[in-house]
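Enquirer: Chains as they are written, first to last, in the working numbering: chain A, 1 to 435; chain B, 1001 to 1225.
By construction, the Cβ of each residue, glycine as well, lies at the ideal position given by its N, Cα and C atoms.
#1: Taking Cβ-Cβ distances below 9 angstroms as the criterion, which residues of the region 356-379 of chain A are in contact with chain B?
#2: Going by DSSP, which residues form a beta bridge with residue 349 of chain A?
#3: Can you give me the start and stop residues for the alpha helix (DSSP H) that residue 261 of chain A sits inside?
#4: Return no unless some Cβ of chain A is closer than 8 angstroms to the Cβ of residue 1087 of chain B.
#5: Pick out whichever of B/1073, B/1098, B/1090 has its Cα sitting closest to the Cα of residue 1109 of chain B.
#6: Can you tell me the Cα-Cα spacing of residue 213 of chain A and residue 164 of chain A, whole angstroms?
#7: Against chain B, does residue 119 of chain A count as a neighbour if the rule is that its beta carbon must be under 8 angstroms from one of theirs?
#8: Is residue 282 of chain A closer than 8 angstroms to residue 193 of chain A when the C-beta atoms are compared?
#9: Considering residue 149 of chain A, what are the terminal residues of the alpha helix (DSSP H) in which it resides?
#10: At which residues does the alpha helix (DSSP H) containing residue 171 of chain A begin and terminate?
#11: When the Cα of residue 1167 of chain B is compared with those of B/1153, B/1130, B/1176, which residue comes out closest?
#12: Between the Cα of residue 63 of chain A and those of A/145, A/342, A/134, spot the shortest distance and give me the residue it belongs to.
#13: Going by other Cβ atoms of all chains shown within 10 Å of its Cβ, with 16 needed for buried, is residue 1134 of chain B buried or exposed?
#14: Hey, how far is the Cα of residue 1195 of chain B from the Cα of residue 1155 of chain B?
#15: Label residue 232 of chain A either buried or exposed according to how many other C-beta atoms from any shown protein chain fall within 10 Å of its C-beta, with 16 as the threshold for buried.
#16: Going along chain B in order, which residues have a C-beta closer than 7 angstroms to the C-beta of residue 432 of chain A?
#17: Along the chain, where does the alpha helix (DSSP H) containing residue 100 of chain A start, and where does it finish?
#18: Say whether chain A places a C-beta atom closer than 8 angstroms to the C-beta of residue 1146 of chain B.
#19: If I measure Cβ to Cβ from residue 509 of chain A and keep anything under 7 angstroms in the same chain, skipping five residues before and after, which residues do I get?
#20: Please tell me whether residue 1183 of chain B has its Cβ less than 8 angstroms away from any Cβ of chain A.
#21: Please list, in chain order, the chain B residues whose beta carbon lies closer than 9 angstroms to that of residue 354 of chain A.
#22: In chain E, which residues lie less than 9 angstroms from residue 1178 of chain B when you measure between Cβ atoms?
#23: Thinking C-beta only, is residue 68 of chain A closer than 8 angstroms to residue 180 of chain A?
#24: Taking 8 angstroms as the threshold, find out whether the region 94-101 of chain A comes into contact with the region 141-155 of chain A through three or more Cβ pairs.
#25: Please report the residue range of the alpha helix (DSSP H) in which residue 155 of chain A lies.
#26: Listing by chain order, which chain B residues have their CB less than 8 angstroms from the CB of residue 334 of chain A?
#27: Within 10 angstroms of its Cβ, does residue 1216 of chain B collect 16 or more other Cβ (buried), or is it exposed?
#28: Could you tell me which chain B residues have their CB closer than 9 angstroms to the CB of residue 320 of chain A, listed as they occur along the chain?
#29: Would you decide whether residue 284 of chain A is buried or exposed? Buried here means 16 or more other CB atoms lie within 10 Å of its CB.
#30: Closest to residue 1191 of chain B by C-alpha separation, out of B/1176, B/1171, B/1177, would be which residue?
#31: How would you list, in chain order, the residues of chain A whose beta-carbon sits under 8 angstroms from the beta-carbon of residue 1138 of chain B?
#32: Is any beta-carbon of chain B found at less than 8 angstroms from that of residue 435 of chain A?
#33: Give the single residue among A/289, A/307, A/235 whose Cα lies nearest to the Cα of residue 272 of chain A.
#34: Excluding the 5 residues preceding and the 5 following residue 201 of chain A in the sequence, name in chain order all residues of the same chain whose CB lies nearer than 6 angstroms to its CB.
#35: Let's test the definition: count the other Cβ atoms within 10 Å of the Cβ of residue 1164 of chain B and tell me whether it reaches 16, buried, or not, exposed.
#36: What does a CB cutoff of less than 7 angstroms around residue 210 of chain A pick up in its chain, not counting 5 residues either side in sequence?
Below, the structure written as C-alpha cells:
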C-alpha cells in the first residue's frame, strides 16, 4: 500500500515536470501579425515657371521621347502611387499612401489606430486630402511639360498646398517618367486657332463662370459664381489649376478636345461638361493660349528674424517644429506605426537617410550621406548656417521661386516654416541645443 | 503519507496552472511577449512610453523601477525579438550604468522581483553593469551603430574598467563629428579624458555637456567613473 502511494506521488511529480517543460519549450508560437506597420524654345506664349531654373540644355533634352518601360520602373522607384492615383501601378498600401490614409483619418474610417489617436491626427491632416490623378495624362498633357514639372515642381493649383516634392530626379529619368505617364496618347495634331475669337472665348468663360473654380493669374479676373457647398465642389475647386499654366501644359488640339468633353479624355475628372460646340471650345482655347498675361508678383522670401536672447529648449522646438512637421517623415520605426518614414528608412526614391527627428537623441544622431557616412545636421554649411536651419530657409526660398540645386528645402513637399519657427530652431542651435 | 500525496497533487495542479498561463506567452525565458487577441490591449506599450517620457525628464530611477514592475523578467528577455523590450531594456541599462550597478529603487519595486538590481554586493553590481553593457551592445548592433545607440553603449562602457578604452574611442569618434547624442555621453567623455590626464579636453567635453543638458545632474561625474 505504502509503495502504491509512493508510486502515485512519483507519477504526479513526473507529470508536473513534463507539463512545465512542455509549457516552456514545446509550444509553437501563435501566428503573429506583421508590424503595422509622393535651349528649347518654350511654346509660343508659354509662361516661364517661377521656379524654372532649368538650364537650356536640359530643357532641350526634354523634347525627346524617353523609354516608357524604364519610366514605369521609375514611377515605382519614386513611389508616385503613394500620393497619386492613375499611375498604372495600383494604389500603395494604406500605411504608405499619404492621400488615402489622410482621407480615412478625416472620414473617421481609419481602423488601425485607437479612436483617440485618430481624433488627434485629424487636426494635422489638412493637407494631402486631394491630389490630382495621373490617369489619361497622355490624352491631355504635353510630355515635355510633365518632365519639366518633375524636375522643377511649382505651385500649380491655387486651392491646394504645393505638396509636390522636389524629388531626386535626373533629366533623363524625368523624360522616361513623362513618356510612361503619357503612354497610349497620340501627339495632338497641329491646330491653328487663327480664326478663333479670343474675345468671345473670354465672354464664354464669364458666362460659364469658369472663375468659380479656376484662377487665371496674370489675366483680368474672371467673375465668380457662388460655389455649391458640396464636398465634390470643394474637391473640384482644390484641384482646379491656375489657367496661367494651360499654355505650358496643353497643345491647342488637346485643349479644344478637353473643353468639348473633358470626361471623354479623363473619366474621373471633376471638370464639368458644359456642352460647348467646337467653335466655342476653340474660342475659349484661343483666349487661354493667347491672352496677354501680366507677370505676377513673385512671392518674396520672408525676412529672417534675429536669434532670440531667451533660452530655447528642445521641448519648445519639438512642440513647435519637430513633432508638428518633421516626425511624419523622420520618425522612429520602433515607436511610430509604419517604417519611420521616407526621411529615415527611405522612400520617394530617396535612400535611407537614417534621420530620426522624434527625440533628442535622434536629432543629435545626424543623418547619412550617400556614402553611408554620418554627419551632424548642425554642421555649418558654406556660409556658416547650421545645415538644419539652412534646409528650412531653403524651403522658404523655393516657395519664392529660388531653387538651390545643392540643398533640398525642408519640409519636403510641405509649406515652408514661418520665420518665427525658424527663429526658434536657429536660436536653439546657437544656444548649444539644450535638452 | 497522505500529506506527501497532497503535496504532489498540489504541485501537479500548479504545473497545470503554469501551463495554462504559458499558453498565452511567447516563450519562457526568451522574449516573454504575451500573445494578444485582436481585442486585447498590451498595456506595456503605454507603460514603456510613459517610462521613456519620465526618463527624458530626468526621472531615471523611477522609469527603471517602472520597467522592472512591468517586466519582472526583463533581465532575461530577448531584445532582438521585441522593439518594446529593447526600449525597456535600454532605459534600465542606462539607469544601471548611471548608478554604477546599484539601482536606488528599493521602494519602487516589490521585494520578490528585486533580484540583484539593488546591487548590494560588489558581485551584483559588476553583474548588473556587465548586463547593461551587453544589452546596449545588442541594441547598438541592431541599430547598425547609430550615434544614439553608440553614445548609450559608450556611456555604460565608461563605467567598466575593462571597457574604458573602447568607450573613449567611440566617444572621441562621435565627438569629432558632433554626433554625441546625449549630454551624459559628453559627461562620460569628460570623465574619460580627465582620467587619462587630458584636463583641458575634459573641460571642453564638460562644457558641451552643460550646454546640452536640461538638468545639471546629467553632467555629474561620478568619482568611480
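Expert: Once the coordinates are examined:
#1: Under the 9 angstroms Cβ criterion, the region 356-379 of chain A contributes 356, 359, 360, 361, 362, 363, 364, 365, 366, 373, 374, 375, 376, 378, 379.
#2: Answer by DSSP bridge pairing: none, since residue 349 of chain A is not bridged.
#3: That residue, residue 261 of chain A, is in no alpha helix (DSSP H); it is neither H nor E in DSSP.
#4: At least one chain A Cβ lies under 8 angstroms of residue 1087 of chain B.
#5: Measuring C-alpha to C-alpha distances from residue 1109 of chain B to each of B/1073, B/1098, B/1090 identifies B/1073 as the nearest.
#6: Cα to Cα, the separation comes out at about 20 angstroms.
#7: Using a CB distance cut-off of 8 angstroms, residue 119 of chain A does not count as an interface residue toward chain B.
#8: Taking 8 angstroms as the cut-off, the beta carbon of residue 193 of chain A is found closer than this to the beta carbon of residue 282 of chain A.
#9: 143-151 is the extent of the alpha helix (DSSP H) around residue 149 of chain A.
#10: For residue 171 of chain A, the enclosing alpha helix (DSSP H) starts and ends at 171-181.
#11: Among B/1153, B/1130, B/1176, the Cα nearest to that of residue 1167 of chain B belongs to B/1153.
#12: Ranking the options by Cα distance to residue 63 of chain A, first place goes to A/145.
#13: By the 10 Å Cβ count, residue 1134 of chain B comes out exposed.
#14: Cα to Cα, the separation comes out at about 15 angstroms.
#15: Counting C-beta atoms within 10 angstroms of its own C-beta, residue 232 of chain A has fewer than 16 neighbours from the protein chains shown and is therefore classed as exposed.
#16: Think of a sphere of 7 angstroms around the beta carbon of residue 432 of chain A: the chain B residues whose beta carbon falls inside it are 1211, 1212, in chain order.
#17: Per DSSP, the continuous alpha helix (DSSP H) segment holding residue 100 of chain A begins and ends at 98-107.
#18: It does: the Cβ of residue 1146 of chain B has a partner Cβ on chain A nearer than 8 angstroms.
#19: Outside the modelled stretch of chain A, which goes from 1 to 435, sits residue 509 of chain A, for which no answer is possible.
#20: Contact with chain A is found for residue 1183 of chain B, since one of that chain's Cβ atoms lies less than 8 angstroms from the residue's Cβ.
#21: Within 9 angstroms Cβ-Cβ: 1144, 1146.
#22: This model lacks chain E altogether; the protein chains it does include are A and B.
#23: Contact: yes.
#24: No, because fewer than three Cβ pairs between the region 94-101 of chain A and the region 141-155 of chain A fall closer than 8 angstroms, the two stretches do not touch.
#25: Residue 155 of chain A: not part of any alpha helix (DSSP H); DSSP gives it neither H nor E.
#26: Per Cβ cutoff of 8 angstroms: 1083, 1086, 1087.
#27: Label assigned to residue 1216 of chain B: exposed.
#28: At a C-beta separation below 9 angstroms, residue 320 of chain A has no neighbours in chain B, since its nearest C-beta there lies roughly 17 angstroms away.
#29: So residue 284 of chain A counts as buried.
#30: Distance check between residue 1191 of chain B and each of B/1176, B/1171, B/1177 places B/1171 closest, using alpha-carbon atoms only.
#31: Chain A residues near residue 1138 of chain B: none, gap ~14 angstroms exceeds 8 angstroms.
#32: Closer than 8 angstroms: yes.
#33: Ranking the options by Cα distance to residue 272 of chain A, first place goes to A/235.
#34: Here residue 201 of chain A has 283, 284, 286, 287 as same chain residues with Cβ atoms under 6 angstroms from its own Cβ, once five neighbours each way along the sequence are excluded.
#35: Buried, by the Cβ-count rule.
#36: Answer for residue 210 of chain A: 222, listed in chain order.
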